[in-house]
Amino acid sequence: MNRWVFFFLLVSCAAVGQTVVEGVILDKDTGKPVPFASIGIEGTAQGTSSNMEGQFSIMVHEPFSLRITCLGYSSTIVKSKQEAATIQLIPTVMQLNTLVVTDKEVNPKTILRKALAAIPTNYSKHSFKQQFFYRHYCKDGGVYGRLIEAYVDVWKNAGYRTLQPRAGIQDAIEVTQLRRSIDKTTAAQGHEPIAITNVLQADIVGYQMPVKSDHLSLYTEVSNLKADFDKYSFSYKGMTYYDDQQVYEIDYTSKKDSALTTSGKYVHYARASGSLFITTDTYAFVKAEDTKTEGGNTIKTSVYYRKQNGFYYPYHLVREGENLAGGSNAHVFHIEMVSVEIKDGEQNKFITHLPNKKDLFSIPYDSAFWSSHTLLKTTPLENTIISDL
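Heads up: the sequence shown is residues 18 to 406, going by our numbering.
Right, dumping it as structure tokens:
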């Protein structure tokens, strides 16, 4: 009896001081929401991100100190629920007389090459486990028919020591919790039940194509910027700030590519364009955006990085797309993963495989887990999808 009382007291004590902090992040000048801002718990490797509406929710132990950072804004610290309820970020405007370089002096190709070469310095080469919140929904013909939310562990066996051609070669990936798993869409039938590797490969620091490709494919999930460097045009757009550091903005566009068929007609391959945001001091990627188009198909990818314990890690990965070729049966999807915690050390190592549909449905629902862990705040659209499904 005394053992059970003691156990109950331990659990109760562990819960003391834990609370949910919720709020919205706004642009102080415009009052508009600031999406994808980093919310990190100072002194830890825990955090979350704001959603498309600038809203966030995070589990903390009191007292707490949250560091809010976002590209193009000054960082700020909040230490109370009252401060966190509405956070106004001040936009950072780079005045012309403070520029340390001019457009003619900046070579975007050189900056990108330096950033790729600096990956082993800016990103951890040691093994670590990263825990993510995962959300995935899609629709056919305007009707939402798939919604999955999960907690996912990713074990990076060698950190960012070497670039990988795809996720899952050196990484171990495990779905530890599953809250919803519904799939009624036609396009998703026969596809993988959960698209973790798809969105994980948005991390251009961890994954790059190893060899040159014949042509750009719309459905290649891994960046080819390094291997097909010469197939892109680059331009320097200017500078901004991230976490009080100066950042280059480099835009890129793939060169037109086509092939002559035996019928005498040209087939035009996919095109890609995007933006890279790289720190001016250490040449670290802090954000990358990419858009691929081919016919009526579009796939957009974004990844955001924050610095923790001296290294940068991805904290928000997004991949979304639409296939309009089907007309009224157009397929639209949205996948995102948000980092909630990073743990270093071999004691966190695990070996497992990606789950199939049977594995997913065998994961029991744990209400206590979901009520005590950080989740990406839902948007009004996502609340509607949840209600409808």
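All C-beta atoms, glycine included, are put in the ideal place defined by N, C-alpha and C. Just so we're clear, the structure is a prediction, and the values are computed from it rather than from any experiment.
Return the CA-CA distance between leucine 113 and tyrosine 253, expressed in angstroms with no decimal places.
At leucine 113, the pLDDT of 43 sits below 50, so the modelled position is not reliable and the matter cannot be decided from this model.
Exposed or buried, what is threonine 103 when buried is set at 16 or more other beta-carbons lying within 10 Å of its beta-carbon?
exposed
Look at the Cβ atom of tyrosine 258, then the Cβ atom of glycine 89, and state whether they are nearer than 8 angstroms.
yes
Going by other Cβ atoms of all chains shown within 10 Å of its Cβ, with 16 needed for buried, is alanine 385 buried or exposed?
Looking at its Cβ environment, which holds fewer than 16 other Cβ atoms inside 10 Å, alanine 385 is exposed.
Could you tell me the alpha carbon to alpha carbon distance between proline 372 and valine 169, rounded to whole angstroms?
11 angstroms
Let's test the definition: count the other Cβ atoms within 10 Å of the Cβ of glutamate 166 and tell me whether it reaches 16, buried, or not, exposed.
buried
Give, in chain order, every unbroken run of the alpha helix (DSSP H) that is at least 4 residues long and sits entirely within the region 140-183.
none
So for alanine 219, helix, strand or coil by DSSP?
When DSSP states are grouped into helix, strand and coil, alanine 219 belongs to the coil group.
Excluding sequence positions up to five away, which residues of its chain have a Cβ less than 7 angstroms from the Cβ of glutamine 181?
Gln187, Gly223, Tyr224
What is the DSSP secondary structure of proline 210, counted as helix, strand or coil?
coil
Quick check on glutamine 364: buried or exposed, where buried means 16 or more other Cβ atoms within 10 Å of its Cβ?
exposed
DSSP on threonine 296, reduced to helix/strand/coil?
strand
With which residues is valine 41 paired in a DSSP beta bridge?
Gln72, Thr103
By the three-class DSSP mapping on this structure, what secondary structure does threonine 115 have?
Low local confidence applies: a pLDDT of 44 at threonine 115 is under 50, so the model's placement there is unreliable, and no value is given.
Could you tell me whether the Cβ atoms of glutamine 147 and serine 389 are closer together than 8 angstroms?
Cβ distance not < 8 angstroms, so glutamine 147 and serine 389 don't count as in contact.
Are the beta-carbon atoms belonging to alanine 347 and asparagine 139 less than 8 angstroms from one another?
no
From the DSSP output, which residues share a beta bridge with serine 250?
Note: serine 250 sits in a beta bridge opposite Thr270.
Could you tell me the distance, in whole angstroms, from the CA atom of isoleucine 352 to the CA atom of threonine 297?
31 angstroms
For glutamate 399, name the three-state secondary structure that DSSP assigns.
helix
Taking the alpha helix (DSSP H) that alanine 287 belongs to, which residues open and close that run?
Alanine 287 -> no alpha helix (DSSP H), and no H or E assigned at all.
Is it true that the region 123-130 meets the region 151-158, where meeting means three or more beta-carbon pairs spaced less than 8 angstroms apart?
With the cut-off at 8 angstroms, the region 123-130 and the region 151-158 do not touch.
Beta carbon of arginine 323, beta carbon of alanine 219: below 8 angstroms?
no
For the beta strand (DSSP E) containing proline 331, list its first residue and its last residue.
328-340
With distances taken between CB atoms, is the gap from serine 66 to histidine 333 smaller than 8 angstroms?
yes
Over the uninterrupted alpha helix (DSSP H) stretch that includes leucine 133, give me the two end residues.
125-134
From which residue to which residue does the alpha helix (DSSP H) around serine 384 run?
Per DSSP, serine 384 is one residue of the alpha helix (DSSP H) stretching across 384-387.
Which residues in the same chain have their Cβ closer than 8 angstroms to the Cβ of lysine 272, if we skip the five residues on either side of it in sequence?
Lys248, Tyr249, Ser250
Ordered along the chain, which non-local residues of its own chain (more than five positions away) have a Cβ less than 6 angstroms from that of glutamate 311?
Leu235, Ala287
Relative to the C-alpha of lysine 394, which candidate in Ser55, Gln72, Ala62, Thr47 has its C-alpha closest?
Gln72
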